[in-house]
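Q:
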Amino acid sequence: MQRRAGPFLMAVGVLFGLSGCGLNEMTGDVMAAYSADHLIPYVIEYGDVGMACETGVSMGAFLASFGRVTDDPHRAAVPTWVSAGLCAQAAAYEEQLRVLRAFYRGDANEAADAQANERRNHVVAARRFYDAYQRTVKQYGPAGDKCPEFDERYDEMVWLQGMLAAVQGVQHDQASSMTVGIPLDVPRKVERGLKCLDDTRWWGVPQALRAAIWTTVPGTAPEGTDPWAVLQASADKGAKAGVRLAQAVQAQAAFGAGRTDLLKAVIKAHAASLKETPPAKRWKLLDAMATMQIETLSDRLWTQATGHRTPFGELGKLPDDDKGGAVEDDGAFDGLELEPATPPAPSATDQET
11 MQRRAGPFLM AVGVLFGLSG CGLNEMTGDV MAAYSADHLI PYVIEYGDVG
61 MACETGVSMG AFLASFGRVT DDPHRAAVPT WVSAGLCAQA AAYEEQLRVL
111 RAFYRGDANE AADAQANERR NHVVAARRFY DAYQRTVKQY GPAGDKCPEF
161 DERYDEMVWL QGMLAAVQGV QHDQASSMTV GIPLDVPRKV ERGLKCLDDT
211 RWWGVPQALR AAIWTTVPGT APEGTDPWAV LQASADKGAK AGVRLAQAVQ
261 AQAAFGAGRT DLLKAVIKAH AASLKETPPA KRWKLLDAMA TMQIETLSDR
311 LWTQATGHRT PFGELGKLPD DDKGGAVEDD GAFDGLELEP ATPPAPSATD
361 QET
């Protein structure tokens, strides 16, 4: 009896094992399709950047892990990885502001601590954004060689996000002393890959990204082309459409080139556009991402000048408005009951030092 039961139990075990493999594969395919068809479009339309980044962090590894049992879900993973990169990016930006506040107070130790943590977050952001770009290439082919055939608009969006992620990945890698080691030829490939997208259909973002690359990578701009004029035209196109990503690219390019006057003008233009044109309904997240980027640059200007970020609800106002460059009391502390700071008593360790 035991001899007969052995083969039977083995067959049952094999059957259940195969069923488990099939179930995992089916689940992975369903999850990838559901994410691309419903989860990602919902998050983009809802427009909450914080929710998007947390969704990317919580779902990214889970979704990508199905690549162990079925085809890699790159179409769904790219936006998820980009969203996860936003979390690390936001953390790096917060540390940048902490550095500036420390400099404003003259606190060298706090500044050094913030700089160290800022670089750590830049590393995480660079890795996530670069992984999103690599997944884009695995799904559609190398950027710059030839244009892929997009089955639907979603695929075009994934391609655009992958190209944008590559540019952001390079920026964060440079800010972390090239810790991740993203190849330096990536921007050139991205510049060529962006030609595969209709600029008007995507709110001027492809041309804006190309122009931003032209301002930083020698020899990439077409002869006789003014990158800054292209950036302005792209920003205007996006502002009219209610998806102001090109404006954020313009602001970042101005900041990177040290063109503070242009940066201030873009911040003001963005704030005015938000009042004039509501975000495009289907693409609220992308517009909110643009505002987050521009608000961060505004926060830098405010923190350098006053020690605190942009006052709530006053994006578009700058600390030196109508003051000839002088910084005055902006009223940020109105209504706050502040007590004089009392320095802590020195500890035994401090006394020994």
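Residue numbers (my numbering): 11 to 363.
Each residue gets a CB set at the ideal place from its N, CA and C atoms; glycine is no exception.
Does the separation of the CB atoms of Val259 and Ala231 fall below 8 Å?
A: Mapped onto the sequence shown, residue 259 falls at position 249. Mapped onto the sequence shown, residue 231 falls at position 221. No, they are not a contact pair.
Q: If you compare alpha carbons, which of Arg198, Asp246, Glu286, Arg108 is closest to Arg319?
A: As a working mapping, residue 319 is identified with position 309 in the sequence shown. When each option's Cα is compared against that of Arg319, the closest is Arg108.
Q: With the cut-off set at 8 Å, would you say Tyr164 and Ala62 are in Cβ contact?
A: For the purposes of this step, residue 164 is taken as the residue at position 154 of the sequence shown. For the purposes of this step, residue 62 is taken as the residue at position 52 of the sequence shown. No, Cβ-Cβ distance for Tyr164 and Ala62 is not below 8 Å.
Q: Do you know offhand how far Tyr44's Cα is from Val168's?
A: Along the sequence shown, read from residue 1 onward, the residue named residue 44 stands at position 34. Along the sequence shown, read from residue 1 onward, the residue named residue 168 stands at position 158. Cα to Cα, the separation comes out at about 15 Å.
Q: Whole angstroms are fine: how far does the CA of Asp81 sit from the CA of Arg145?
A: As a working note, residue 145 is residue 135 in the sequence shown. As a working note, residue 81 is residue 71 in the sequence shown. Going from the Cα of Arg145 to the Cα of Asp81 covers about 12 Å.
Q: Is Trp224 closer than 8 Å to Pro216 when the C-beta atoms are compared?
A: On the sequence shown, residue 216 is found 206 positions in, with the first residue counted as 1. On the sequence shown, residue 224 is found 214 positions in, with the first residue counted as 1. No. Outside cutoff.
Q: Evaluate Met173 with the Cβ neighbour count: other Cβ atoms within 10 Å of its Cβ, from every protein chain shown; 16 or more gives buried, anything less gives exposed.
A: In the sequence shown, the residue the question calls residue 173 occupies position 163. Burial of Met173 is indicated by the presence of at least 16 other C-beta atoms within 10 angstroms of its C-beta.
Q: Indicate the three-state DSSP secondary structure (helix, strand or coil) for Ser187 in the structure shown.
A: Taking the sequence shown and counting its residues from 1, the one referred to as residue 187 is at position 177. Coil, per DSSP.
Q: Report yes if the C-beta distance between Ala142 and Ala175 is below 8 Å; otherwise report no.
A: Taking the sequence shown and counting its residues from 1, one reaches residue 142 at position 132. Taking the sequence shown and counting its residues from 1, one reaches residue 175 at position 165. Result yes, Cβ atoms of Ala142 and Ala175 sit closer than 8 Å.
Q: Spatial neighbours of Asp209 within its chain, please: C-beta separation below 7 Å, excluding the five flanking residues on both sides.
A: Here residue 209 refers to the residue found at position 199 when the sequence shown is read from its first residue. Within the same chain, Asp209 has close Cβ partners Pro216, Gln217.
Q: Quick one: Cα of Asp271 to Cα of Tyr56, how far?
A: Working through the sequence shown from its first residue, we reach residue 271 at position 261. Working through the sequence shown from its first residue, we reach residue 56 at position 46. Going by C-alpha positions, Asp271 is about 33 Å away from Tyr56.
Q: Rounding to the nearest angstrom, what Cα-Cα distance links Leu73 and Ala86 in this structure?
A: Within the sequence shown, numbered from 1, the residue matching residue 73 stands at position 63. Within the sequence shown, numbered from 1, the residue matching residue 86 stands at position 76. C-alpha separation (whole angstroms): 8 Å.
Q: On the premise that His182 lies in contact with Ala256, defined as a C-beta separation below 8 Å, what is that separation, rounded to the nearest angstrom?
A: Counting from 1 along the sequence shown, the entry for residue 256 is found at position 246. Counting from 1 along the sequence shown, the entry for residue 182 is found at position 172. Actually they do not touch by this definition, with Cβ atoms about 20 Å apart.
Q: Classify Asp58 as buried or exposed, calling it buried when 16 or more other Cβ atoms lie within 10 Å of its own Cβ.
A: Counted from its first residue, the sequence shown places residue 58 at position 48. Classification for Asp58: exposed.
Q: Have a look at Tyr140 and Val190 and give me their C-alpha separation to the nearest angstrom.
A: On the sequence shown, residue 140 is found 130 positions in, with the first residue counted as 1. On the sequence shown, residue 190 is found 180 positions in, with the first residue counted as 1. Tyr140 and Val190: Cα-Cα distance of roughly 9 Å.
Q: Which residue wins for smallest C-alpha separation from Glu105, given the options His48, Arg130, Val79, Asp161?
A: The count along the sequence shown starts at 1 and reaches residue 105 at position 95. When each option's Cα is compared against that of Glu105, the closest is Arg130.
Q: Could you give the DSSP three-state label for Glu104: helix, strand or coil?
A: Against the sequence shown, residue 104 aligns to sequence position 94. Looking at Glu104 - three-state DSSP - the assignment turns out to be helix.
Q: How is His318 classed by DSSP in three states: helix, strand or coil?
A: On the sequence shown, residue 318 is found 308 positions in, with the first residue counted as 1. Reduced to three states, the DSSP call for His318 is coil.
Q: Buried or exposed: which applies to Thr235, given that a residue is buried once 16 or more other Cβ atoms fall within 10 Å of its Cβ?
A: To locate residue 235, count along the sequence shown from 1; it is residue 225. By the neighbour-count rule (16 or more Cβ atoms within 10 Å), Thr235 is not buried but exposed.
Q: By a C-beta neighbour count over all protein chains shown, 10 Å radius and 16 as the cutoff for buried, is Glu162 buried or exposed?
A: Against the sequence shown, residue 162 aligns to sequence position 152. Under this definition Glu162 is an exposed residue.
Q: Whole angstroms is fine: what's the gap from Ser186's alpha carbon to Asp39's?
A: Residue numbering aside, residue 186 sits at position 176 when the sequence shown is read from its first letter. Residue numbering aside, residue 39 sits at position 29 when the sequence shown is read from its first letter. When only Cα atoms are considered, Ser186 and Asp39 end up about 36 Å apart.
Q: Can you grab the Cα-Cα spacing for the pair Arg198 / Thr316, in whole Å?
A: Against the sequence shown, residue 198 aligns to sequence position 188. Against the sequence shown, residue 316 aligns to sequence position 306. Looking at the two C-alpha atoms, the distance is approximately 39 Å.
Q: How is Phe5 classed by DSSP in three states: helix, strand or coil?
A: Outside the shown range of the chain, which is 11 to 363, sits residue 5, and nothing can be said about it.
Q: If we ignore side chains and look at the alpha-carbon of each, how far apart do Phe160 and Cys206 end up?
A: For the purposes of this step, residue 160 is taken as residue 150 along the sequence shown, with counting starting at 1. For the purposes of this step, residue 206 is taken as residue 196 along the sequence shown, with counting starting at 1. Their Cα atoms are separated by approximately 10 Å.
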